[in-house]
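Residue numbers (the numbering used here): 63 to 664.
Contents: one structure, followed by commentary.
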């Protein structure tokens, strides 16, 4: 048993949040598993016990001598719970990177092997799965809430512990036990929602009457009836082929209930039912052997179960629609599958995989990328550097950019002699850049009657781009406000986009000359950036700027000053703002401006 150092001292399961963590325990083999469930029985009266069962838990059922390298089942014990309510950050931007996509070629290859096995009579139905991987900078619990808004499933779960992170959005009940009554609701049969009410009704009607989906569902119902009969009496089907509707799809479910035999333990229930037939196929044991040969990878929590045990009640989901990762630095994995029967079509099954994973796609919101530059002497300051940043963002966010690249390829090939300026002082270099024509000004392809102006370059998703000039309004304030709002990084924090509403209040303050800019810190009071500038602090005679890795925009002037070695990157904290000998706000439009600090509570 361990007093785990949880990154977050809570868990979510279903409609409740569980808090006041006490301890955890786990199992890796048969003997440890017996001890594990003895502890469940011992602690369930006092604690709310969240249990996570990996798919590989089944291995000890086949081999009593099996020992896993890592726990295949673990429990987190909490002292209290309350109703869970979504608390969404309105400024959170979800735009993940798929680091491993669904592989159509390998899926079709495995699918053909599945059909051969079915034709040989080795199985009636095989649940064939693939894994994709994604990367996001959004903190895990923020991501959980954001996706729960899109997929607010009845049996959702959020676990963050020494065993890893799990964000589960499962709509499927594995089993529920209350007063010796057991209920299970296998889910088999899927179709997307229609684009309008008429098409939606048509899709729902099709699902209710489609021979393939009905066959899949009834096979799993028969399998679960058989599994339940090992541990229960009075097994009956309460519902057959009912439809549940979610935001992006319709799902077919059936419901089976039974009365557990006297003295049946939770371990015996899992030994009889696990893993759920809806994510294996039928017959279960032979099909699971085929799955191991076909997939040749561990499923992990995906296709396992997550549940709650408290007093005489147990509720477990089937851990589908589940994101899992081992650490904060690793990518999330997400498994997705479908049931393949003798008349299944590979193309249709692969479409089902894409449909089931569709809620992971970036949230739909139109925006553009942009760069704000200084136009002077008929040229553009740091045009090359601005273009490089714009292309980096375009690649990361899947914006078309060939047209823009073709237009300004020559600018990108220009060489910079950053080393020639290292001996100049910070302030002398700043004066040189912004008061005299110099080699950091690049040729402009757009003209203006204004001798000095701001120039905004916008890049749209389809690859179109445009320039617009604007007058630079002088700022009369030399104050830097310290915001009371906590800055939480997201997938667009590192990119300059039109989605800047988190800075709208700061922009108003700057516009009204209440301050030159407003500085932000994260939840650990690390200093990040201003709403329109990067920050430079003079500490003990050296100039530092906050570290990029915590979620700030890599400003162009910041990049240049690092290249010329005038500043160094460092993890800085809020209290160091008050200790700084001098404080500058920097950007490539206005240069470096020395400021005085004003805390939000002054």
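C-beta atoms are modelled at their ideal positions from N, C-alpha and C, and glycine is treated no differently.
Contact check, residue 371 vs residue 113, beta carbons under 8 Å: yes
Pairwise C-alpha distance: residue 401 and residue 475: 53 Å
Helix, strand or coil at residue 395 according to DSSP, with G and I counted as helix: strand
Burial state of residue 344, where buried means 16 or more other Cβ atoms lie within 10 Å: buried
Coarse secondary structure for residue 574, derived from DSSP in three states: coil
Chain-order list of residues whose beta-carbon lies under 8 Å from that of residue 299 (same chain, five-residue window excluded): 283, 287, 316, 317 and 318
Which of helix, strand or coil DSSP assigns to residue 631: strand
Same chain only: Cβ atoms within 6 Å of residue 304, ignoring 5 sequence neighbours per side: 315
Uninterrupted alpha helix (DSSP H) stretches inside the region 406-431 (no shorter than 4 residues): 408-418
Residue nearest to residue 274 in terms of C-alpha spacing, selected from 291, 254 and 250: 250
Residue 572: CB within 7 Å of a non-hydrogen atom of the ligand ZN: Absence of the ligand ZN from the depicted structure is noted, as is the absence of any ligand whatsoever, leaving it without description.
Pick from 644, 107, 163 and 147 that is closest to residue 396, judged by C-alpha positions: 163
Through-space distance from residue 81 to residue 243, alpha-carbon basis: 28 Å
Selected residue, minimal CA-CA separation from residue 538, among 255, 527 and 573: 573
Check whether residue 635 and residue 551 have beta carbons under 8 Å apart: no
Sub-8 Å separation of residue 398 and residue 192 beta-carbons: yes
Through-space distance from residue 206 to residue 147, alpha-carbon basis: 12 Å
Bounding residues of the alpha helix (DSSP H) (the contiguous stretch that carries residue 284): 273-290
With 16 other Cβ atoms within 10 Å as the buried cut-off, status of residue 446: buried
Where the beta strand (DSSP E) containing residue 350 begins and where it ends: That residue, residue 350, is in no beta strand (DSSP E); its alpha helix (DSSP H) goes 346-357.
Proximal residues to residue 99 (C-beta, below 7 Å), its chain only, five neighbours per side dropped: 327, 328 and 329
Residue closest to residue 477, alpha-carbon to alpha-carbon, out of 497, 492 and 501: 501
Residue burial classification, residue 340 (beta-carbon count within 10 angstroms, cutoff 16): buried
Environment of residue 49 [buried if 16+ CB atoms lie within 10 Å]: In the structure as shown, the chain starts at 63 and stops at 664, and residue 49 therefore has no counterpart that could be examined.
Residue 368 at chain B interface by Cβ criterion, 8 Å: Considering every chain present, this structure includes no chain B. It has just one protein chain.
Residues near residue 491 in its chain [Cβ-Cβ closer than 7 Å; skip 5 each side]: 483, 626 and 628
Beta carbon of residue 119 nearer than 8 Å to that of residue 134: yes
Residue environment, residue 667, which counts as buried when at least 16 other CB atoms sit within 10 Å: Since the first and last residues shown for the chain are 63 and 664, residue 667 lies out of range.
Cβ pair residue 110, residue 140 closer than 8 Å: yes
Three-state secondary structure assigned by DSSP to residue 192: strand
Pick from 540, 85 and 428 that is closest to residue 223, judged by C-alpha positions: 85
6 Å Cβ shell around residue 532 - same chain, five flanking residues per side excluded: 516
Endpoints, alpha helix (DSSP H) assigned at residue 514: Per DSSP, residue 514 belongs to no alpha helix (DSSP H); it is in the beta strand (DSSP E), 514-521.
Best match in 138, 227, 253 and 309 for proximity to residue 216 [C-alpha to C-alpha]: 309
Buried versus exposed call for residue 643 [16 or more other C-beta atoms within 10 Å across all chains shown]: exposed
Whole-Å CB distance - residue 616 paired with residue 610, under 8 Å assumed: 6 Å
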